[in-house]
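All residue numbers for the sequence shown refer to numbering that gives the first Met the number 0, where the first residue is 0 and numbers rise by one.
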Amino acid sequence: MILLPVVAVALSGLAVVAWLRRRFVLVEVSGTSMRPSFRTGDRVLVRRVPSHGVRVGEVVVIEAPRPRGHQPGPERKWHIKRIAAVGGDPVPARVADAPALRGADRVPVGHLVVLGDDPRSSLDSRQRGFVPADRVLGVVLRRLPPDGSR
């Protein structure tokens, strides 16, 4: 008789954990492109969102472009960037002269302009052009405290 409630609680707990894992992910920052906002070693909580669920100013985690000739495999690289424009928006004036964006008036539907906070060390839309919105993993909700602190 006691076993049934215990099993029910355990299954409920597993369902909650599964839901959380589908909705949220922890990402460790590597690189300097988002300094001073984020630094190497920072851990961030990311909420998975559909590609149409991002807004200008949000920091997102996106799948890095694969080099030409790269064979698809299980390894995926991620970049953390700030959304500067979404599909249908005008190309932001501050990057309109960037080689990869030159000549474009508007961001194509289904694409984004993403920028690092440190333009000197960021590989972003200034060099790579528009990013397909379906490469978005999610929106950064917050930086988490370092391991061992509260």
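For each residue, glycine too, the CB sits at the ideal point set by N, CA and C.
Check                                                                                             : Outcome
Exposure of A63, with buried meaning 16 or more beta-carbon neighbours within 10 Å                : exposed
R22, DSSP secondary structure in three states                                                     : helix
Assigned secondary structure, L114 (DSSP; H/G/I helix, E/B strand, else coil)                     : strand
M33 beta carbon less than 9 Å from that of G86                                                    : no
Contact belief for R42 with L143 at Cβ below 8 Å, rounded distance in angstroms                   : 4 Å
Span separating the alpha-carbon of A132 from that of P4                                          : 44 Å
Neighbourhood of P91 by C-beta, 6 Å cutoff - its chain only, sequence neighbours within 5 removed : A83, A84
Identity of the residue in H110, G109, S124 nearest A99 by Cα                                     : S124
Supposed close pair L44, F23 - CB separation, criterion 8 Å                                       : 6 Å
Where A132 falls: helix, strand or coil (DSSP)                                                    : helix
Rounded C-alpha distance that separates K80 from D146                                             : 23 Å
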